[in-house]
Each structure stands twice: as C-alpha cells, then as structure tokens.
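> Pasting in a structure now, in structure tokens, and then I'll have a few things to ask.
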Amino acid sequence: MFANLHNLSHHAAWRRQLEMILESTGEGIYGIDLKGRCIFINETGARMLGYTPDEVLGRPMHYLIHHSHADETLMPVHECRIYRAFQEGKGVRVDDEVLWRRDGSHFPAEYASHPIRDGDIVVGAVVTFNDITERKRTEMLLHEARDLLERRVTERTAELTAAHDHLRQSHEALRKLSAHLNSVREEERRHVARDIHDDLGAALTALQLDVNWLRQRLSGDASLSTKLDGMLDVGSHAMQAVRRILNDLRPGVLDHLGLWPALETLLQEFQRRSGLSCRYVCPPEVERCRLGRDAEIALYRIVQEVLTNVSRHARASSVQVDASAEGRDLVLRIVDNGQGMRVPLQPTSFGLLGMRERTLALGGKLDIVSEPGEGTAVILRLPGVIAGENA
Ligand SMILES: Nc1ncnc2c1ncn2[C@@H]1O[C@H](COP(=O)(O)OP(=O)(O)OP(=O)(O)O)[C@@H](O)[C@H]1O
Ligand SMILES: [Mg+2]
C-alpha cells in the first residue's frame, strides 16, 4: 500500500500517508480551527455522525454534534469542555457526554481533544471520539448486577440474622425449660420423700413396735416366736429399703449438713456398693462454702451421674473426687482410672447433656477430658463462688 509513495512528491506523500492513517483508524477524528469549524474529518467519524466528510467540512462542530446534553437541555458553547480546553491550550478526555447524529439521535461518546499548535501558537484542536454505547450498556448491566447482588446479600444476611436470633431464643427457652423441669423434679422428689418418711416410715415403725410387743408376750410358744422373729426381720429389711429409697430421692444429709458431707457419704456408699476404691478430698476453705439449696442439689446430681457412669462404663478400679478452690473459683474434679472414651464435641446422650445443662444453669463450665485407655476426668468449674479473704 505504501509501496507507491516514492512516486509522489515528498509533501504529497506525507499528506497521502496521513490520510491513509486517518481513514484506517477505528476512531472518529476531526480537526477544528479557532472558530470551532471543521477543517478535516475522517470517514469513520463522519459515518458515526451520519454524514459524509464533505457535509461536515467547514461546519461549526459544537452546534452540529455537541449542542445538547443527553436529556436534550442545551449545552452553551462556553460550557463545552472541548471548547474550554482548547481556549486554555490544554487537552481533555471526556466519557460522560453524548454526540448528536444527523438524524437527531445521540450516542454516548468518549472523546479526547488536544490543541493543534503551530510553533507556540494554538491554531485549533484535534478531537478523537468513539461510540461507547456497548461499554456503557455493559457498565450499566454490571452496575445493576452488583446492586442486585448487594440487595440479595443484605436480604440473605437479614434472613440469617433473624434465623440465628430465633434459634438462640429457642435455645434459651429450652435451657430455661430444662432448668425448670429439674427444679420441679427435685421438688416432687422432696414431696414424695416426705410422704414416704411420714406415712410409710411411721407405719413401719408402729408395726415393728407392735410385733416386738407381741414377741415379748408370746415368748412361751416357740413356733409363734420364730414366726414373729421372721416378721421383725422383714420389718427391719423394709425399714432399710425405705431409708435407701429416701436417700436416693432426697439425701437428708444434703439438707442438714450441706453438699460436702453429702458427697462424702455418697462416695462411701458408692465404694460399698461398687467395690471401687474411692477417695474424697475437700479442703477447709471449700468445706466452709455453701452454695444454696438449688446449686447444691444440682452439683450432687452431677456427681451422682458421673459416678453412675463410672460404674456402668469405665471398668475402673478407683475414682477420686477432688474439690478445690482456685482463686475464687470452685473446681470439682472427678477422675477415674478406667478405659476412657472418645469425648463427643457436642454431647447428645442425656447423661452428659444433663450434666452440661445443669452446670450452665449454675453459670459454670463443664469439661470432660478423656482418651480411650486413659481414664476419664470430669472437671466442673463454678467461677466466683468461693468467699474472698475478707468476706
Ligand atoms: N467414666 C466413663 N468412662 C468411659 N466411658 C464413659 C464414662 N462416662 C461416660 N462414658 C461414655 O459416654 C457415654 C455417654 O454417657 P451418658 O451418661 O451421656 O449416657 P449413658 O450413661 O450411656 O446413658 P444415661 O446416662 O442416659 O443412662 C456412655 O455411653 C459411655 O460410652
Ligand atoms: Mg450416664
């Protein structure tokens, strides 16, 4: 294409070369003189505007293609950024305006204007421009998609927050219900224990006294005496059974002497029944600590459940209950030397769940430390319940 250029005069060759470059670029290019009249325009530019180059040459470009904003309000020439820039001898790049076509329609355009200088003197400006309808459309779609996404994220976050709140409330309600059921159950146990003690206990005692009375009076009749001895035996077994049941329902020592002696009795009883070697450690500063009736019965039930688990699952030969004060925290450790277990992250079985819920209701923390073959330690911590030095 450039091969024949050497046939033209130097000036004409350059002119031709420049024309070819102007026509080959994909952008619209036009030049204006100081009055804003078109001094050249390439084919692409003229076509974008709906003209032929000849129809544009000599025309005032601002009034022809840049006279109004997109909303059709007029853009006076002194507000035109191309005009202002080349008045100041500067360049400018704009992508938020429209250019107008011959048929009265417009398109979003990106344009850049730079002054044409002859030495130090500005003699006009050259403007390159492009139809950016597609880019704007894509930008708008992107914008809409981002807005939509943000709205969705906001909605979803609100939904999740509401669901989370709902779940938390249900959880709290369940926890309260569980604490309430525990206290109702303890209250019922107390009633049943009192009734058994007052009615059954008193009746058995009266029966024992009466049989004894008969036994003394009928001592001459050997077969009757043997019969009455048998009845006295049955009576005293029944009394023992009643005492055991009463103790299970509501350990009297817990009410009369408090948690620490009650735990000692519980452990002695456990040793007698299970044959395991049991040890109980409780220093004086802990022995002095009273926690209130509900807290003490809760701790007692927890230790009861731990010991039941030891006898049912651990295959241990010894268990130690160790109460200690760490600062103002009360720490209760129940350690067995049995077969251990894999501790579930979230317990689902009722024994462990009940222990955890009871501890939480007391404002405490329960940890189970165990590995298969390593024994099991249940560690319960109640913060701030030990009286301070001056308390
Ligand atoms: N000291 C322990 N040594 C070994 N395994 C234990 C010990 N304590 C608990 N486990 C294991 O943890 C499981 C859960 O105990 P949890 O008390 O919750 O239920 P459970 O004793 O099986 O039944 P429940 O207490 O409801 O009658 C037990 O089944 C047992 O496998
Ligand atoms: Mg259990």
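Quick note: the numbering used here has the sequence shown finishing at residue 1078, numbered continuously throughout. Where a beta carbon is used, it is the ideal one built from N, C-alpha and C, also for glycine.
Does DSSP put residue 691 in a helix, a strand or coil?
Residue placement at residue 691 cannot be trusted, given a pLDDT of 49 that sits under 50; what the coordinates show is reported in the next sentence. Helix.
> Assign residue 1000 to one of three DSSP states: helix, strand, or coil.
DSSP places residue 1000 in helix when its eight states are reduced to three.
> Less than 6 Å between C-beta atoms, sequence neighbours within five positions excluded: which residues of the same chain meet that for residue 1027?
Correct list, in chain order: 1057, 1058, 1059, 1060, 1061, 1062, 1063.
> Where residue 834 and residue 841 are concerned, what is the direct C-alpha to C-alpha distance, given to the nearest angstrom?
Their Cα atoms are separated by approximately 10 Å.
> Is residue 964 near ligand 1, in the sense that its beta carbon is under 6 Å from a heavy atom of that ligand?
No - ligand 1 has no heavy atom lying nearer than 6 Å to the Cβ of residue 964.
> Quick one: is the Cβ of residue 996 within less than 6 Å of any heavy atom of ligand 2?
Yes, Cβ of residue 996 sits closer than 6 Å to a heavy atom of ligand 2.
> If we count Cβ pairs, one from each stretch, closer than 8 Å, do we get three or more for the segment 733-747 versus the segment 819-836?
Too few Cβ pairs lie closer than 8 Å, so no.
> Leaving aside the five residues before and after residue 714 along the sequence, list all residues of the same chain whose C-beta is less than 6 Å from its C-beta, in chain order.
Cβ within range, chain order: 815, 817.
> Judging by CA-CA distance, which residue of 892, 916, 893, 891 is the nearest neighbour of residue 903?
Closest option to residue 903, Cα to Cα, is 916.
> Label residue 937 either buried or exposed according to how many other C-beta atoms from any shown protein chain fall within 10 Å of its C-beta, with 16 as the threshold for buried.
With 16 or more other Cβ atoms within 10 Å, it is buried.
> Do residue 1038 and ligand 1 come close, with the Cβ less than 6 Å from some heavy atom?
Residue 1038: yes, Cβ under 6 Å from ligand 1.
> Is residue 1069 helix, strand or coil when you go by DSSP?
Strand, per DSSP.
> Keeping to the same chain, check which residues put their C-beta closer than 6 Å to that of residue 798; ignore five residues upstream and five downstream.
These residues qualify, in order along the chain: 781, 814, 816.
> With a threshold of 16 other CB atoms inside 10 Å of the CB of residue 1031, please say whether the residue is buried or exposed.
Classification for residue 1031: exposed.
> Short check: CB of residue 1053 to CB of residue 1067, under 7 Å?
Contact flag set, yes.
> Roughly how many angstroms lie between the CA atoms of residue 705 and residue 727, to the nearest whole one?
Rounded to whole angstroms, residue 705 to residue 727 spans 12 Å at the Cα level.
> Using only the alpha-carbon positions, how far apart do residue 1073 and residue 897 sit?
Rounded to whole angstroms, residue 1073 to residue 897 spans 51 Å at the Cα level.
> Using 7 Å as the threshold, is the C-beta distance between residue 819 and residue 787 below it?
Cβ distance not < 7 Å, so residue 819 and residue 787 don't count as in contact.
> Is residue 971 near residue 1016, with beta carbons less than 7 Å apart?
No, the Cβ-Cβ distance between residue 971 and residue 1016 is not below 7 Å.
> Candidates 911, 757, 804, 811: which alpha carbon is nearest residue 793's?
Residue 793 has its Cα closest to that of 757, out of 911, 757, 804, 811.
> Where does the unbroken beta strand (DSSP E) through residue 1017 begin, and where does it stop?
Counting along the chain, the beta strand (DSSP E) containing residue 1017 begins and ends at 1016-1023.
> Compute the minimum distance between the beta carbon of residue 1060 and the heavy atoms of ligand 4, and state whether it is under 6 Å.
Absence of ligand 4 from the depicted structure is noted, with ligand 1 and ligand 2 being the only ligands included.
> Please report the distance separating the alpha-carbon of residue 983 from that of residue 977.
Residue 983 and residue 977: Cα-Cα distance of roughly 8 Å.
> Going by beta-carbon coordinates alone, are residue 919 and residue 911 separated by less than 7 Å?
Taking 7 Å as the Cβ cut-off, residue 919 and residue 911 do not qualify as a contacting pair.
> Based on Cα-Cα distance, which residue from 997, 889, 987, 848 lies nearest to residue 934?
Of the listed residues, the one whose Cα sits closest to residue 934 is 987.
> Among 725, 923, 803, which one has its Cα closest to the Cα of residue 775?
The shortest Cα separation from residue 775 among 725, 923, 803 belongs to 803.
> Spatial neighbours of residue 1002 within its chain, please: CB distance less than 7 Å, with the 5 preceding and 5 following residues excluded, ordered by chain position.
The answer, listed in chain order, is 1025, 1026.
> So the candidates are 796, 931, 858, 849; which of them puts its Cα closest to the Cα of residue 880?
The candidate whose alpha carbon is nearest that of residue 880 is 931.
> Alpha carbon to alpha carbon, how far is residue 716 from residue 709? Give it in angstroms, no decimals.
Answer to the nearest angstrom: the Cα atoms are 7 Å apart.
> Applying the criterion that 16 or more other CB atoms from any shown protein chain within 10 Å of the CB defines a buried residue, is residue 731 buried or exposed?
Buried, since its Cβ has 16 or more Cβ neighbours within 10 Å.
> How big is the Cα-Cα spacing for residue 837 and residue 844?
Each residue's alpha carbon lies about 10 Å from the other.
> List the endpoints of the continuous alpha helix (DSSP H) containing residue 890.
Looking at the DSSP string, the run of the alpha helix (DSSP H) that includes residue 890 is 889-904.
> What's the gap between the Cα of residue 1034 and the Cα of residue 861?
Going by the C-alpha atoms only, they are around 16 Å apart.
> Considering only C-alpha positions, which residue in the set 922, 886, 1008, 963 is nearest to residue 948?
Nearest of 922, 886, 1008, 963 to residue 948, Cα basis: 1008.
> Quick one: using the 10 Å Cβ neighbour count with 16 as the cut-off for buried, is residue 871 buried or exposed?
So residue 871 ends up on the exposed side.
> Please state whether the Cβ-Cβ distance between residue 723 and residue 765 is less than 7 Å.
No, these two residues do not count as a Cβ contact at 7 Å.
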